[in-house]
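Residue numbers (my numbering): 862 to 1229. Where a beta carbon is used, it is the ideal one built from N, C-alpha and C, also for glycine.
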Amino acid sequence: MPGDERDTPDEAPTTAPSPETAAASPSTPSETTVAPAPATRGVGVLIVNLGTPDAPTPAGVRRFLKEFLTDRRVIEKNSLAWKALLNAVILPLRSRRRARDYEKIWNRDKDESPIKTITRSQAEKLGGILEPLGKHVIVDWAMRYGSPSIASRLEVLVTWGCERILVMPLYPQYSATTTATVCDEVFRFMMRQRLQPALRVLPAYYEDPYYIEVLASSLQAELKSLPFTPDVILASYHGMPKEAVAKGDPYQVQCARTTELLRAQLGLDETKLMLSFQSRFGRAQWLDPYTITTVRALARKGVKNLVVITPGFSADCLETLEEIKIENARMFMRNGGENFAAIPCLNDSEAGMLMLSRLAVRELKGWV
């Protein structure tokens, strides 16, 4: 859900200087059979997250939502009726409501949404971790919707000499509405290039052993810091229309697999670590059970202490900071709950960054 402003292509990359280029020594008559030293070619790493409005205002949110909701991967409808409904009803009403929500979580110091602050920090820290691979490895970041755009940052990487680029969509579970639309945007950029860089895309890492281990250890550390012991832990993932799953999207299966592996790692069963889906939109049937109704039902059944984790998000954003931490906490308390905690995403934590660096190094094999 984004704003439509774009960063200029000549902006410097986030974390690293331009790749070093080795100068070839001039030939002399006695050295005519010696080939010049090859130039060091740049390798780019671009981490990508969903996006954010450029301001917590109705106008800023409207630009963001319009770009997001007109993506055919996200909303497959393209009828005149849908366009009329989107522009006349959904955008005006939802933009005002969402602007108030963004106001609650906005990073005032940097005048930006937390997801932008965190993603920038992830890129900077990943660049530092990968620095031993060589200064020719450049790490940058982009947003699928809003700014900085994918195209603008790819342009920077190419301009700075990156002939090979690893794109890392920060979605543990694959969906056509997330990972695929990142790839769509990357490929649109590639189609405009006369000289295309070699390209790799990080696959979904929903069952990567180290990802599961980091999720579990981070959760355990957070639980130790709480003043209460949870009766239930709820793993909440972003929702999706059931129709998308019926068409072959593997997202639901991958969410279930992540939760299953996390249960095994923590030694919990389905009654202690539950799964649900949040952030419904429109009238279509979405994946269930719904987080908000699950939270209410648990409170009404006598659960007094609830912890919610969000394993489908790599960085805290509106859906975790406002929807879970504020809206769902309020629902739990209103229906008899006593203690509620929303566990932070891995974000730019030490464990989270080590996990991302391991994924990056794995995908860069043969390039560095």
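Here Gln1146 carries a coil assignment [DSSP, helix/strand/coil].
For the segment 965-1011, the full-length alpha helix (DSSP H) segments reaching 4 residues or more read 975-991 along the chain. Annotation: Ile951 is outside any alpha helix (DSSP H) and is labelled neither H nor E by DSSP. Listed in chain order, the alpha helix (DSSP H) elements of length 4 or more contained wholly in the segment 1060-1085 are 1070-1085. Here the segment 1172-1182 lies against the segment 961-977, with 3 or more beta-carbon pairs under 8 Å apart. Counting of Cβ neighbours within 10 angstroms places Met1135 among the buried residues, the total reaching 16 or more. Contact annotation: the segment 1111-1123 does not touch the segment 1154-1168, with fewer than three C-beta pairs closer than 8 Å. In the three-state DSSP reduction, Asn1166 falls in the strand class (E or B). Taking Gly1197 as reference, the option from Val1047, Tyr1098 and Arg1157 with the minimal CA-CA separation is Arg1157. For Phe1050, the uninterrupted alpha helix (DSSP H) run begins and ends at Thr1040 to Met1052, by DSSP. Beyond the five residues adjoining it in sequence on each side, Pro914 comes within less than 6 Å, by CB distance, of Gly864, Gly921, Val922 and Phe925 in the same chain, given in chain order.
By the Cβ rule, the segment 1128-1143 does not count as touching the segment 1065-1082, because fewer than three pairs are nearer than 8 Å. When the beta-carbon positions are compared, Ile1185 and Val1169 come within less than 7 Å of each other. In this structure Trp1228 is in contact with Val904, their Cβ atoms being roughly 5 Å apart against a cut-off of 8 Å. Beta-bridge partners assigned by DSSP to Pro1102: Trp1147. Checking the DSSP bridge columns, you'll see Pro1030 partnered with Val909.
Between Asn1166 and Asp1092 a beta carbon distance of about 5 Å is seen, short of the 8 Å cut, so the two are scored as contacting. Taking Met1214 as the centre and dropping the five residues before and after it, the same chain places the C-beta of Gln983, Lys986, Leu987 and Ile990 closer than 8 Å to its C-beta, in chain order. Here Ala916 carries a coil assignment [DSSP, helix/strand/coil]. Annotation: Leu1031 to Val1062 spans about 11 Å, alpha carbon to alpha carbon. For Ala1012, the closest C-alpha among the options Ala1041, Lys996, Asp1045 and Thr1039 is that of Asp1045. When Thr1020, Gly1100, Ser1137 and Leu1015 are compared, the shortest CA-CA separation from Leu1060 is found for Leu1015. Look at Gly903 here: in three-state DSSP terms it is strand. Under the three-state reduction of DSSP output, Gln1115 falls in the helix class.
Going by beta carbons, Val1075 and Val1000 fall outside the 7 Å limit. Our two residues, Leu1084 and Ala1203, have alpha carbons roughly 10 Å apart in a direct line. With 16 or more neighbouring CB atoms inside 10 Å of its own CB, Lys927 falls in the buried class. Thr1042 is positioned such that its CB atom lies no closer than 7 Å to that of Arg1195. Of the candidates Gly1007, Cys1023 and Arg1005, the residue whose Cα lies closest to the Cα of Val998 is Cys1023. Shortest Cα-Cα distance from Leu1217 to any of Val1114, Ile1073 and Pro1088 involves Ile1073.
Taking a contact as a CB-CB distance under 8 Å, the pair Gln1115 and Gln1054 does not count as one, their CB atoms being some 32 Å apart.
If you draw a straight line from the Cα of Pro1088 to the Cα of Ser1097, it comes to about 22 Å. By the C-beta density criterion, Phe1050 is buried, having at least 16 other C-beta atoms within 10 angstroms.
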